Amino acid sequence: MVISLVMIFTGYWPKLMLSHSYVTQENLFLGTLTVKETIAYTAHLRLSSEMTKAEIDELVEANIKEMGLGDCAENKIGNWHLRGISSGEKKRLSIGLEMVIDPLILLLDEPTTGLDSASAFSVARALRNIADEERIVICSIHQPSSEVFDLFDDLLLLSSGETVFLGEAKMAIEFFADAGFACPRRRNPADHFLRCISLDFDSQTPASSGFSMNMKTAEIKATLIQSYKSSKYSCKVRKKMQEIAATDYQVCELNKNTNSSKWKQLRVLTHRSFINMYRDIGYSWLRIMLYILSSISAGTLYFDIGYDNGAIINRGKFVSFLFGLMVCLSCGGVPFFNEELKVFYAERLNGHYGETLFVLANFLSSLPFSVANSLLSGTTIFYMVKLHPGLSHYGYFCINFFCCTTIIESCMMVVNSFVPNASMAVVIGISVNVLMMMASQIFRLLADLPKFFWRYPMSYISFAKWAVEGQYKNVMTGLEFDSAEPGEPQLKGEMILKTTFGISLDHSK
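Residue 875 is where the sequence shown starts when you use the working numbering, and the numbers rise one by one after that.
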């Protein structure tokens, strides 16, 4: 039996997104934010730009009270280094986030999965309160407790995509009894229904234990389906559908307070992402510390590199080492970006915002950390190694460092968006960046690269080729180095770039 639900809305089809919300089975949050901050950010993202901050704050407080989150409102949600709220509170928070826009329909995917009986009942009780406010709540659920089952209005039992029962929840027990499969006393009705229609039990124990006839689950299910088609419960549902179809309903007016401007969403997303990065020591501060420690190590390794003849090759090795260092350290942000990416997928599913705003917000929020990282690391390396006395060369070194780390991490993030697993994203992302390095001057001179693929087109596509050439020019031009033989004239950096490294000087850095 197929049941269709038709609703008429004013405006265009995309506005249908504003009439319903979907709560995924997995709880997806930014763990460094508090419960109240999480709801507030969602409210600012989704509610109209015309609403004042005071109005939104009032709505947030009402949402917290409605979902029973008052005791944990100021607690952080929790992540790998922060102890957070309980699973039941996380699920109620997930529901609260979608209730911010006051949707007509709330869809949930197994809201009680992974919760203990007390937490499951608190979540179900919150959903019951939402339904009592003349809103439609539709959820899939497995093995609810008897207390949770008593909260249901209507019940749809499915087995392998077939309708076993559809009607009032309290009538399901009567239907099973009429069909010859009565629920034993003191047994949870939901458990009894599952044993009767789930084919998974056939290979373990007879699903019909306790019944007068020895039947397999498939036979019981077939009997129930046939019984339902000709039952009074099915007739009642069909009659109700006909009444609904014949009723001339008024057109539904959507919530007009859900039209947030793109600029406001960009500001909110940027601020939220920045706060998350600032509070997550692994995403920002630990990575900056690792970059600084690595820079100090590189500085001591190539300390005061000098201008003798051996410094020519050492400078080339230094540039290669620097680029390899950036590639290795770039993978550190993947697990943390993966957390934000999962939150984005969930929010995009409900039409909060699009890909463009997410990418821009993530770039803008990470920009201060990237600039600080480039200045601190670049300054440490440049002056410990004593690459060049010119101030403009120092500035170019830091800019080149910033651009390289930004592009490398962007490549890692692009790969992560296609590969959901963080570990696989690290492996593939590093492989992509190593491929870019192979087409640059790091491992072989550009003129010696095989023309097919490596020279054309990879050397032109590879950002590493242009970055490495720029750094070579930056640390060599304007300098003079000792000749290999004593007494011979000094070698100019420009000549070395042409003859030793095969770098053209026809264009600037």
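Here a beta-carbon is modelled for each residue, glycine too, at the ideal position from N, C-alpha and C. Bear in mind that the values here come from a model prediction, so they are computed numbers and not experimental data.
Inset, instruction - Just the C-alpha distance for Lys1325 and Thr1254, rounded to the nearest angstrom, thanks. - result: 38 Å
Legend entry - the stretch 1144-1152 in contact with the stretch 1231-1241 per 3-pair CB rule at 8 Å: yes
Inset, instruction - For Leu1354, I'd like the list of residues in its chain whose CB is within less than 8 Å of its CB, leaving aside the five on either flank, ordered along the chain. - result: Here the sequence assigns Glu to residue 1354, which means Leu is not the residue at that position. Counting only Cβ-Cβ distances below 8 Å, and skipping sequence neighbours, we find Tyr1181, Gln1364, Leu1365, Lys1366, Gly1367.
Inset, instruction - Just mark Asp931 as buried or exposed, buried being the case when its beta carbon has 16 or more other beta carbons within 10 Å. - result: exposed
Legend entry - His894 - DSSP class collapsed to helix/strand/coil: strand
Inset, instruction - Check each candidate in Ala1046, Tyr1270, Ile1015, Glu1229 and name the one with the smallest Cα separation from Leu1396. - result: Since the displayed the chain opens at 875 and closes at 1383, residue 1396 lies outside it and no answer follows.
Inset, instruction - Would you mind stating whether Ser1019 and Ser996 have Cβ atoms separated by less than 9 Å? - result: no
Inset, instruction - Could you work out which residue in Asn937, Leu1073, Val1111, Phe903 is closest to Ser961 when comparing CA atoms only? - result: Phe903
Inset, instruction - Give the single residue among Gly952, Thr1144, Thr1351, Trp1159 whose Cα lies nearest to the Cα of Tyr1270. - result: Thr1351
Legend entry - Where Gly1361 sits in the DSSP three-state scheme: In the three-state DSSP reduction, Gly1361 falls in the coil class, being neither helix nor strand.
Inset, instruction - State yes or no: is the C-beta of Val1233 within less than 9 Å of the C-beta of Ile1179? - result: no
Legend entry - Cβ-based burial, Leu1001 [other Cβ within 10 Å; buried from 16]: buried
Legend entry - chain B contact for Ser961 (CB, 9 Å cutoff): In the structure shown, chain B cannot be found, because there is only a single protein chain.
Legend entry - Length-filtered (3 minimum) beta strand (DSSP E) runs lying within the stretch 1311-1339: If we require 3 residues or more, the stretch 1311-1339 turns out to have no beta strand (DSSP E) run fully inside it.
Inset, instruction - Quick one: which unbroken alpha helix (DSSP H) runs of 4-plus residues sit fully inside the stretch 916-986? Chain order, please. - result: 927-940, 961-972
Legend entry - Met1286 vs Ser1169 beta-carbon contact at 9 Å: Taking the C-beta atoms as reference points, Ser1169 is found no nearer than 9 Å to Met1286.
Legend entry - Close-in-space but distant-in-sequence residues of the same chain around Asp1074 (CB under 6 Å, 5 per side omitted): none
Inset, instruction - Determine, using beta carbons only, whether Arg920 and Ile975 come nearer to each other than 9 Å. - result: yes
Legend entry - Nearest-angstrom Cα separation, counted from Trp1137 out to Tyr915: Whole-angstrom Cα-Cα distance: 14 Å.
Inset, instruction - Tell me whether the beta-carbon of Val1308 lies closer than 9 Å to the beta-carbon of Val1289. - result: No.
Inset, instruction - Measure the C-alpha to C-alpha separation of Asn937 and Asn953 and round it to an integer number of angstroms. - result: The straight-line gap from Cα to Cα measures roughly 23 Å.
Legend entry - Arg1141 to Gly1190 span [Cα, whole Å]: 43 Å
Legend entry - Rounded distance between the beta-carbons of Val1245 and Phe1211, thought under 8 Å: Actually they are not in contact, since the Cβ atoms of Phe1211 and Val1245 sit about 18 Å apart, beyond 8 Å.
Legend entry - Nearest candidate by alpha-carbon position, reference Ile1316, set Ala1296, Val1293, Trp1340: Of the candidates Ala1296, Val1293, Trp1340, the residue whose Cα lies closest to the Cα of Ile1316 is Trp1340.
Legend entry - Per DSSP, the bridge partner or partners of Lys1140: Note that residue 1140 corresponds to Leu in the displayed sequence, not to Lys. Partner(s): none; Leu1140 has no beta bridge.
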